[in-house]
Structures are given as structure tokens and as C-alpha cells.
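Working notes, structure below.
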Amino acid sequence: MSKKLSLTLAASVLALGSLTAGAPAMAGDYHDVVKDKAPKAVKGNGQSYKERMDKWKKNGGKPKEVELQILGTSDLHTNFVNYDYYRDAKSNSLSLAKTGVLIEDAREENPNSLLFDNGDLIQGTPFGGYKVNVDPLEDDELHPAYAALESLDFDASTLGNHEFNFGLDYLDNALEEAAFPVLNANVYDAETGENRFTPYTIMDKEVADRKGKKHTIQVGVIGVVAPGIMGWDRAHLEGEVIAEDAADTVEKFIPEVKKAGADVVVVLSHSGMGDEVHSDKEDDITYQLTEVEGVDAIITGHNHDVFPGSFSELDNVDQEKGTINGVPVVMPGKFGSHLGVIDLTLEPRGKKWRITNGEAELRAIDSTSDEVAEQVIEAVKETHEGTVEYIRSPVGETTAPINSYFSLVQDDPSVQIVNNAQLWYAEQQLAGTANAELPLLSAAAPFKAGGRNGGDYYTNIETGEIAIKNVADLYVYDNTVFVLKLTGADLKEWLEMSAGQFKQINPSSTGEQTFINDSYRTYNFDVIDGVTYDINITKPAKYDGEGAVVNANTERIENLQYEGKAIDPKQEFLVVTNNYRASGNFPGVRNATEAIDFAYENRQAIQDYILEVGTIDPSADGNWQFAPVAGNPNLVFETSNSAKSLAEREPAIQYIEVTQNGFAKYGYTIQ
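Shown next as C-alpha cells:
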């Protein structure tokens, strides 16, 4: 929307009271497979506050000008301590404790600072699950996530989509003791129509101008979340709240925030970047926010990507200044990897202030150093230590290593175990029901498959004891078990969507061909066990990554069979999956005639299964493969360099060379 149009819409909002919007988007938000595009530090203007001050003095700047610094984090996902709970080892490549060092440095550079978090805070590692299931949050107890932010004097936060994973009662309890505003403007009470949370806040920020004189600037902060929460956490939210379009909501509140006295408006947008086209209630709308009149700065996230750094393909992006449509924006990675820094220059205009310049940059944490902000470690010490003890509890044994290094190119034990566990659990739950006699299948995807999270982001469980930390390594999300009833025709469309994981190859070409589609989210590459099928990657994909038809007449899924016979398109099946898939817009899935919610964590079902079985023989049943191709195409893909020795045991895979960020290039031969 243009700024001119936004003014018209804003006037309409004041007249009508509110804007409403429609369809939710597909589920899922993080661990995408695009490689991390951020260098060690992603600069906006490339100058520090001191450098700008020196330049200002040299050029005779205005003495009443104020440099307001806005700092931001996003998608911490309970990574507060520099510790990898899945590897059970210290890691200096993540954590708020590492980001805290950058925060302290930035505040020393410019005391005129405000610090905000952009959500997805209380879920994401066993730390978050521990505070739900093992050491539940008590009434009037400060949640350790908010204790961590408080230790660094955060000024405000907003709700991410994963804040809703544990239900509204848990969230209310977690927010009750927070020492700063936790905002959300686009989630409303379903019964009253009122804002369910605090939509915005106005902060009186004391600042010093270039001559040291004190002033007060009023900073308005609005928070919004992806409306997809209504699908992703439907079991918790349906009938309780409604989520409106995030961009329209910000536009609605801008006049109210301005009327309340805001000189500067900052939006905490827990949505992805999106693009130039705005669809009703889409989840990725940050680009639209840069076109809303009155928005001065944006902290965004949800994509686990970086800006400045990524998204150069969008219109009116200035990577050097860190702006989009002239508005400074930061998307500071994930797990505390980066600190977003927005610098606004303001000058007085009567009793108000005018922004004369805005620039943004990212600062990457130092992964080579042990230096941390100790106050963060201290704030979460009890929960961290309890989590470490908890994840070391044994649940079973494995007779061979379990890893996901090759999970995108062949049927894989790490996915097989999840499917086996889901089938085991669902069979028990369905026994004696009207659906008990229907064929039961199971769908699971490789959640940890490298991508932008680096060459270490793979499931890797050694032979021997399986502990709770390993279960979390197999299944990283706090999903719950769903069973869907659908037809054979729907099942095929589901698999056609999953086959978008692969690029189309030319079997007669002699040059290297990369056949893994890095823009496709690996958690959407569902492997459905209980049927057998081939994937023909010489044909184009039928669907794009959002589930829209792009090649209506293609069929990548071939030889789809159940119990050795071709699937009857009209036959009914049950498929065990998770709440995110069940509530999303996946082809085939969206045609389900029944959705059974067991309200039981997939991860807990896996743990129960391992406890029941005792000893696991981790081998895949090979129920899917690539369809044979003519010729001998030179196919290559990337996975962890750590898989080099394992490639020697795989006849279809050949190690070629190390690349970057812990990855290596491998060759693949379709058998």
C-alpha cells in the first residue's frame, strides 16, 4: 500500500472503527533451508555512533539534534545461555548472553538507547519445555525468559507466534510478572472484541542532544504477530481469540499512537518480510509496514533471516542504509545470533520532533569468544541447570547412529523413527473407534537439515544410550498429534506438494545440477510411511512452496501403492501428523474430511515409544525413492561436512569437497 493510500485507509479506520481480514496462510515459520546470507556483521551505513558524531562535528551539525538508538533481538527461542541442549555442550554461536555483550557495547556508544525483543521467546529448546512439563511455572513466578530480558533492562517486547504454543492460561501467567510491557495489537478477545493484550505503549525517553542538553522524546511502540497463530495453535485459540491482519492493525493504531503524543513510532513485527503484494491476513507483512504512513522504524523476525543482508530482490531496498522504502528495518537472525541497531537522527520542531535520517545495521555475536553477559546466565541459572539434568535422563538405546545428514535425498532413519512412533501411538488411541479399521499411515519430515542454521544443524545421535535430549533432537517442535482422514487422491496431492523439495533436473545434461531446492522449507518435505512411491524429478513441481499450483498437468509422484497395489483415489486413509500440518493449507491436507486432535505432544509420543521398545534398530524401510532416469546426470547437493565418512557406506552418494559454514558438496547417483 502506498503512503497516500495508507492515509486514506487510516481515515477509513477512524470512521469505521476497525479493519478485518480473511484467510490464514500455511503453517510453519522457522528452520528454513536457505543458507545464512549474513556476513560476520551486516552494516547499514557502516559507521559507528562515534564516527557519525565526529563527522557531524566536522561538518558543523545542528547542536539540538538527537541520535536515538533502537536495539532489537528476535526469535531467541529460549536460547539464553550459550549452550546447545541438543548436543549437551557449550556453544558460542547462540544465546542472549552473547547478544548481551553487544547490547552493553552499543549502550556505551550511545546512551540514548531503547531495547526491544520481537517475540518467539518462551519456546524452542528443551529449556522451554522444562518450564512447562517438569518445573511448571507457578502463580506469581517470573518466567525465566522474562527474567533474562529483565537482566538486560529491555524496555518492551512483543508476542511471537510460539508464545501461544502452551495455551492462553500459561501465557497469561508468564506475562503477569514481566517487568516491562509485552505488546500485541492484532489479537482480540473472541467474545468482547477488545484487544486481548496491551496493543501499544508510549515511552517517555530522556535523551541528550549533541551538546549534552536533556530532552524527552515520546516513543510509541506497537506489537503485532502473524495471524497464522489461529491455525497453528487452533486447539488453544479457537473460540477464545481472533487475529486480524497485522499490517491493517498497525495502520489502524497509528493515529491513536500519534494522538497519544508519540514523536517516533516503532513497530515490533513478529511476521516475516513478505513481498510487494499484500494478501488478507498473510503472515509475512513487514514490507507492507514500510509503506504505512507514520511508521518510523521496524524490528521484524519470524523468518530467522537477516536484514540488512537478505531480501535484496524487493523493490526500494537499500542494503547500505538498512532501509526499505526509506524506513530503517532490522531482522536480527535467530537464537541471539545478531543484534539489530537502528539509528534515528531527530531535530526539534516546536514542541515536537522530526526524524531527519534513519539507518539500520546488524551486529553479529562473537562466536570465537567465551565472553557473555553474566547477568543473563545468572537470571536463568536454576532453569538452565534443571534443563541440563533433565535432558540427560535415559529413555532407551540405539544399535546404530541416528542422523539426518542424507534425509533430503533418501529415506532416512531419523524420519523413520518419528513415523514409527506416531503410528504406534495412534494405533492405541484409535483402537475400538469407528476409524480403527481404516488404513493408518504416518507423515513426518526432516526438521534438522542444515540450511541457514549451518552445517551442524542436523540430528546426530551416537550408538548407545538415547536420552531425552536425543528425543528433542529428533523432533525439535512442540507440536501435538493429529490424525487426518482423507482419500487416496488427497494423499497423492500431499506428496506432490512435498516433492517441491527438489528442483527439476535435465537427465541429458552433462554439467553439475543441484537438485535440492534450497528455498523449500525442509519441514514441509513430508515422508508418508505405510505407502510406497517414486519421485520423478525430471518433471517440474506441481506446487510452489506456498501450496499454489504452478504446473497443473505435472505428476512427480509415480507408482504410489498401498500393500503392493496402486492407490485407489477414492479409498479413505488415516494419516498421523501434527497440529501445524493439520491446520495448514497443504494440498491434499486441506481436503481432509475429519481431523482428530489428541492434544498430546509428538515428542512425548516418541519418548513413550522408545521407552516401550527399549532398544531401537535405526533403519529406514525405503518406502520412497527417486524414479529411475535415462542417462547419467551429474547431480550434486550439500549437507554437513561431518557426513564425509558416512558417504563411503552409501552407494548412491559420493563426497566431493568442503564448501562453507560447515557444509560440503556431495554427488548423488539415482540408482
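Read in order, the letters of the sequence shown are residues -27 to -1, 1 to 644 in mature numbering (1 follows the signal peptide of the UniProt record, and there is no 0).
Just so you know, even glycine gets a beta-carbon here, dropped at the ideal spot from N, CA and C.
Rounded to the nearest angstrom, the gap between the Cα atoms of GLU531 and ILE508 is 6 Å. Counting the other CB atoms within 10 Å of its CB gives PRO513 a total below 16, which places it among the exposed residues. Straight across, the Cα-Cα distance linking LEU132 with THR372 is about 42 Å. DSSP, reduced to helix, strand and coil, places ILE258 outside both helices and strands of the structure shown, so it counts as coil. The beta-bridge partner set that DSSP reports for PHE559 is empty. Straight across, the Cα-Cα distance linking ILE643 with GLN383 is about 10 Å. Contact check for LEU241 and LEU156: beta-carbon distance about 6 Å, within the 8 Å limit, so the pair qualifies.
Nearest C-alpha to ASN634 among SER613, GLU623, PRO228, GLN627: SER613. Setting aside the 5 residues that flank it on each side, ILE258 is surrounded in the same chain by ALA219, ALA220, SER244, GLY247, each with a C-beta closer than 6 Å to its C-beta; the list follows chain order. The stretch 138 to 208 contains, as complete alpha helix (DSSP H) runs of 4+ residues, the segments 141 to 149, 202 to 205 (chain order). In this structure LYS104 touches THR356 by the C-beta definition: roughly 6 Å separates them, less than 8 Å.
In this structure, ILE626 lies near PHE379, with their beta-carbon atoms less than 8 Å apart. According to the DSSP assignment, ASN532 belongs to the beta strand (DSSP E) that extends over 530 to 535.
With a beta-carbon spacing of about 7 Å, GLU217 and TYR161 fall inside the 8 Å limit used to define contacts. When DSSP reads this structure, ASP429 sits in no beta bridge, so it has no partner. Here the alpha carbons of GLN389 and THR436 stand approximately 16 Å from one another.
When only Cα atoms are considered, VAL602 and LEU44 end up about 53 Å apart. Just measuring C-alpha positions, the residue of GLU111, VAL265, ASN558, ARG207 sitting nearest VAL454 is ARG207. TYR553 sits close to ASN452, with the two beta carbons spaced by under 8 Å. Between the stretch 573 to 585 and the stretch 394 to 402, the count of Cβ pairs shorter than 8 Å is three or higher; the stretches touch.
Along the stretch 246 to 319, the beta strand (DSSP E) occurs as fully enclosed runs of 3 or more residues at 270 to 273, 300 to 305, listed in sequence order. In the DSSP assignment, GLU435 falls outside any alpha helix (DSSP H), carrying neither H nor E. ALA418 is positioned such that its CB atom lies closer than 8 Å to that of PHE498. Here GLY473 is near ASP517, since their CB atoms are less than 8 Å apart.
Boundaries around PRO117 are those of the alpha helix (DSSP H), 117 to 124, since no beta strand (DSSP E) includes it. DSSP lists ASN607 as the beta-bridge partner residues of GLU485. Counting C-beta pairs closer than 8 Å gives three or more between the stretch 186 to 194 and the stretch 170 to 178, which meets the contact rule. Nearest neighbour of ASP236 by Cα position, chosen from ASP256, LEU287, LYS225, VAL268, turns out to be VAL268. Under the three-state reduction of DSSP output, ARG327 falls in the strand class. TYR516 is bridged by DSSP to VAL522. For secondary structure counted as the beta strand (DSSP E) over 3 or more consecutive residues, the stretch 447 to 501 holds these complete runs in sequence order: 453 to 460, 485 to 487.
The distance from the Cβ of SER387 to that of SER377 is about 4 Å, consistent with a contact at the 8 Å cut-off. Shown here, ASN65 sits in coil according to DSSP, grouped into three states, outside any helix or strand.
Out of ASP90, SER66, ALA270, the CA that lies nearest to the CA of GLU344 is found in SER66. When C-alpha distances from GLY282 are compared across LEU335, VAL265, GLY274, the shortest belongs to LEU335. Cβ-Cβ distances below 8 Å link VAL290 to PHE284, THR296, ILE297 in the same chain, with the five nearest sequence neighbours on each side left out; the list follows chain order.
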